[in-house]
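In the UniProt record's numbering, the protein residues as written are 1 to 177.
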């Protein structure tokens, strides 16, 4: 497949850096205090929010606490695995905590995945339905062995649920678990 077709899945450059962390709340506070990065929006991704969850091609169930913030125009995603076997727990077992993926925003994830699969790259984990209208979809690609990093394709939801908490806060609800 020509390189131009492979690159056609990109709507822009890398849009997200995804870090697996031990504690989202502690890391959000640290990023804010050290670098001034914030506002952070905190969500729990799991069965209550996701209508699609697969791991290595099979339906699964997991939950993770995530925090979304921006460093300039690049989104930073902090991910704290809570339960279930995921690409995040695999990463921790292999590398410890740290940079786990580079996220690429796409307009149409289904056509993007078709192009990726045609080039021989498999999907390790998918999740979908996290938008208010049941849209929003992400897919982690099996690229770590070849490229040294996992790539994630992300189709953003049109409307997102309200976050569980935001940091920095006006009141003390941030650390309420």
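Every residue gets a Cβ at the ideal spot worked out from N, C-alpha and C, and that includes glycine.
Counted within 10 angstroms of its Cβ, other Cβ atoms place residue i as buried (16 or more) or exposed
| i | result |
| --- | --- |
| residue 78 | buried |
| residue 64 | buried |
| residue 148 | exposed |
| residue 33 | exposed |
| residue 50 | buried |
CB contact flag (residue i, residue j, <9 Å)
| i | j | result |
| --- | --- | --- |
| residue 66 | residue 42 | yes |
| residue 20 | residue 71 | no |
| residue 109 | residue 154 | yes |
| residue 46 | residue 83 | yes |
| residue 55 | residue 85 | yes |
| residue 159 | residue 132 | yes |
| residue 52 | residue 161 | no |
| residue 179 | residue 97 | Since the first residue shown for the chain is 1 and the last is 177, residue 179 is missing from the structure and cannot be characterised. |
| residue 40 | residue 123 | no |
Which of helix, strand or coil DSSP assigns to residue i
| i | result |
| --- | --- |
| residue 97 | coil |
| residue 34 | helix |
| residue 104 | strand |
| residue 58 | strand |
| residue 44 | strand |
| residue 14 | coil |
| residue 158 | coil |
Enclosing alpha helix (DSSP H) for residue i [first to last residue]
| i | result |
| --- | --- |
| residue 21 | No alpha helix (DSSP H) contains residue 21, which DSSP labels as neither H nor E. |
| residue 146 | 144 to 147 |
| residue 113 | 109 to 118 |
Proximity winner among the options, relative to residue i (alpha-carbon distances)
| i | options | result |
| --- | --- | --- |
| residue 81 | 25, 58, 117 and 144 | 25 |
| residue 14 | 162, 152 and 163 | 152 |
| residue 22 | 73, 36, 88 and 105 | 88 |
Span of the beta strand (DSSP E), counted from its first residue to its last, around residue i
| i | result |
| --- | --- |
| residue 78 | 74 to 83 |
| residue 126 | 123 to 128 |
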